[in-house]
Amino acid sequence: MLKYIQTFRLRTLPLSMAGIIMGTGYAYPNIDWLVFALAILTTLSLQILANLCNEVGDAQHGTDAEQQARVAYGLQSGAITLKEMMMCIYIFIALCVIFGTCLVWLSFGTLLCWQSLVFIILGAAAICGAMTYTMGRHAYGYHGFGDLAVMLFFGLLSGVGAYYLQTKLLTLEIFEAAFAIGMPIVGVINLNNIRDMDNDVAHGKITLAARLGKHQAKVYHACLLVCSIVSFISLGHYWVLLVAPLWAWHIKYVFDNQGPALDKQMPVLMFSTLVLAVLACL
């Protein structure tokens, strides 16, 4: 069982909840907690699916050869076979469908209204996005579109979607807030890509960070975090300033270090983004 749990990459899960928490907080006091719980289960299943597919895709392309020396996940270490990994992927696709369908039905009372159909289509797109990030011949993560996908699915869809499922309303404010919470989530992907840039380029994985180059990718990283805080402040959420000192230190560390040393900052940014989501609800 431990070999599967390691493959799920549990440390990434708090990050995936940030958009749902922020969007639901914006709906207060009109919150259905069962809808919230199903939204969390859906996004956690989607994040684990993305992690599994990412491992399979990178293993197929040989991209994880260097990372294996640092952290040996199931497929990389040989503890899990490709067949077992694909079975895990199918299970989490099923969980995404089950939780997502229950979420839509509970929120709208039917699966046949236009709102339900829109969310079902968006959910299907999210599943496809998770699977094709690094898997397949035309994996979009190998062509620099990973940042955009993360913003769309874990920023906009999570934040705006969670708010709409609770309130059945759309506002400009929730879109701005969803962009704001999406930026540090994109920052995690960017930090990962800066860390692995040399190995990625050697295996034909041309991420946005690789296109920018190491220094400009770090400037982009700083801009994502600064713009996130500024956006929330413009919406009147001054509590987010509590995260600013930590992020200032984080940005300095990123500029001062390279390669595997950046891995220490991954959990820092992940958990601080979750804290940011909570502070944005105050």
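Reminder that position 44 of the sequence shown reads as 260 in my numbering, one-by-one numbering, no gaps.
Each residue gets a CB set at the ideal place from its N, CA and C atoms; glycine is no exception.
Which class does residue i belong to by DSSP, given the choice of helix, strand or coil?
i      : result
Gly375 : helix
Met238 : helix
Gly273 : helix
Asn473 : coil
Leu260 : helix
Gly398 : helix
Asp507 : Lying outside 217 to 498, the shown extent of the chain, residue 507 is not represented and no answer is given.
Cys329 : coil
Tyr358 : helix
Cys497 : coil
Lys434 : helix
Ile343 : helix
His453 : coil
Tyr244 : coil
Gly420 : coil
Met367 : helix
Leu383 : At residue 383 the sequence reads Thr, which differs from the Leu that was named. Thr383: helix per DSSP, three-state reduction.
Arg502 : An answer regarding residue 502 cannot be provided, because it is not within the stretch 217 to 498 covered by the chain.
Met482 : helix
Thr348 : coil
Please name the residue in the options whose C-alpha comes closest to that of residue i.
i      : options                        : result
Leu254 : His453, Ala464, Gln382, Ile305 : Gln382
Ile467 : Leu338, Ser488, Phe448, Ile449 : Ser488
Glu392 : Gly452, Pro245, Ile221         : Gly452
Asn408 : Val442, His354, Gln481, Tyr356 : Gln481
Ile256 : His431, Leu229, Asn267, Cys344 : Leu229
Trp249 : Ala378, Asn415, Leu498         : Ala378
Ile314 : Thr258, Trp330, Lys299         : Thr258
Phe471 : Ser450, Leu311, Leu498, Tyr436 : Tyr436
Met302 : Met351, Leu441, His419         : Met351
Thr223 : Tyr242, Gly235, Gly357, Ala295 : Ala295
Arg411 : Pro400, Ala396, Gly429         : Gly429
Gly339 : Thr326, Gly357, Phe369, Gly273 : Phe369
Val330 : Asp414, Lys384, Ala355         : Looking at the sequence provided, one finds Trp at residue 330 rather than Val. The residue with the shortest Cα to Cα distance from Trp330 is Lys384.
Since I believe residue j is in contact with residue i (beta carbons under 8 Å), could you give me their beta-carbon distance rounded to a whole number of angstroms?
i      : j      : result
Met486 : Arg225 : Met486 to Arg225, Cβ: 11 Å. No contact.
Phe308 : Ser261 : 5 Å
Ala394 : Ile237 : With a Cβ gap of about 12 Å, Ala394 and Ile237 do not count as contacting.
Asn473 : Leu440 : Asn473 to Leu440, Cβ: 18 Å. No contact.
Val320 : Leu311 : Not a contact, Cβ separation roughly 15 Å.
Trp455 : Leu495 : 4 Å
If you follow the alpha helix (DSSP H) that residue i is in, where does it begin and where does it stop?
i      : result
Cys304 : 298–324
Ala295 : Unbroken run through Ala295: none, as it is neither H nor E.
Arg427 : 424–428
Taking 7 Å as the cut-off, does the CB of residue i come closer than this to any heavy atom belonging to the ligand HEM?
i      : result
Gly420 : This structure lacks the ligand HEM, and indeed carries no ligand of any kind.
Looking at residue j and residue i, is the spacing between their C-beta atoms short of 8 Å?
i      : j      : result
Ser232 : Gln276 : no
Leu372 : Gly398 : yes
Ala425 : Ala433 : yes
Ile390 : Tyr242 : yes
Ala266 : Ile401 : no
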